[in-house]
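Please read the structure below before turning to the comments.
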Amino acid sequence: MKENIEYVLKAICDACKKANRNVDDVFLLPVSKTKSVYDMEDVISSGFYTFGENKVQEILQKYEYFKNSKIKFHMIGHLQTNKVKYIIDKVSLIHSLDSISLLDKIQQEAKKRNMIVNSLVEINISREESKYGIFEEDLFDFLSEISKRDNVRVQGLMTVAPYFEDAENTRIYFRKMKLLFDKIAKENYENVEMKILSMGMSNDFKVAIEEGANLIRVGTLIFGKRDYSKI
Ligand SMILES: *Cc1c(COP(=O)(O)O)cnc(C)c1O
Numbered sequence: 018m019k020e021n022i023e024y025v026l027k028a029i030c031d032a033c034k035k036a037n038r039n040v041d042d043v044f045l046l047p048v049s050k051t052k053s054v055y056d057m058e059d060v061i062s063s064g065f066y067t068f069g070e071n072k073v074q075e076i077l078q079k080y081e082y083f084k085n086s087k088i089k090f091h092m093i094g095h096l097q098t099n100k101v102k103y104i105i106d107k108v109s110l111i112h113s114l115d116s117i118s119l120l121d122k123i124q125q126e127a128k129k130r131n132m133i134v135n136s137l138v139e140i141n142i143s144r145e146e147s148k149y150g151i152f153e154e155d156l157f158d159f160l161s162e163i164s165k166r167d168n169v170r171v172q173g174l175m176t177v178a179p180y181f182e183d184a185e186n187t188r189i190y191f192r193k194m195k196l197l198f199d200k201i202a203k204e205n206y207e208n209v210e211m212k213i214l215s216m217g218m219s220n221d222f223k224v225a226i227e228e229g230a231n232l233i234r235v236g237t238l239i240f241g242k243r244d245y246s247k248i
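Using the numbering used here, the letters of the sequence shown map in sequence onto residues 18 to 248.
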């Protein structure tokens, strides 16, 4: 695991150099979905304390195990409205805000608990039917809805690019995301800031960094292949 992490850190460094960016501006989020808490402890010993997960049940179990430690979780997968209440106070960032109904639910549950929920708006930049996220052209209306809900804070945008053997093909999507991100950063929506641009996974994070990602979500390259038969 240590070697995997070193490999990823080196690749981040190279991508930053190539793009003339500061390495400290890129946050590496290890994605631990399907992986055991023991695997996570290996990664924690390398100095990582925040993990990406995509299943509510798994977050609850791991949260319980790491209670009383400084471990934090980001929800990166699609979130069903009826499950918001289970994790709303157990994740430090929701990457997958993708509908008005989810926004309403988060607002409602956050208000009940008198808390502020940080999230990113997920964009379906490639417009694939299989993907979650809102379309670019709907983003401005969506942000004005967010600005009416006081218990939700949007910190930026997230996307999952289509998978290509050759990661170079993802570049156009990441570039579009960065343009959108910069455009919104100039606007003044209440409760909306553009600080985090979450894009890039094991196969395409280098391209994502070159195009301006400041949070990358890496699972396989750190933890190895996932075995879905065990869950
Ligand atoms: C699983 C997952 C990742 C990590 O994918 P890898 O290819 O294993 O690095 C990143 N983002 C999301 C939303 C995921 O579901």
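We put the CB at the ideal spot given by N, CA and C, even for glycine.
Remember, predicted model here, so these are calculated numbers, not experimental data.
About 10 Å separates the CB atoms of Val171 and Glu207; that is not less than 8 Å, and the two are not in contact.
For Asn205, no beta strand (DSSP E) segment is defined, and its DSSP state is neither H nor E. Buried is the label assigned to Phe222, since at least 16 other Cβ atoms lie within 10 Å of its Cβ. For Leu137, the pairing in a beta bridge is given by DSSP as Gly173. For Lys89, DSSP records a beta bridge to Thr67. Rounded to whole angstroms, the separation of the alpha carbons of Asn141 and Leu46 is 20 Å.
No heavy atom of ligand 1 is found nearer than 7 Å to the CB of Lys223.
Under the three-state reduction of DSSP output, Arg188 falls in the helix class. Taking non-hydrogen atoms of ligand 1 into account, the C-beta of Arg188 is found less than 7 Å away from none of them. One Cα belongs to Gly173, the other to Asp167, and the distance between them is close to 16 Å.
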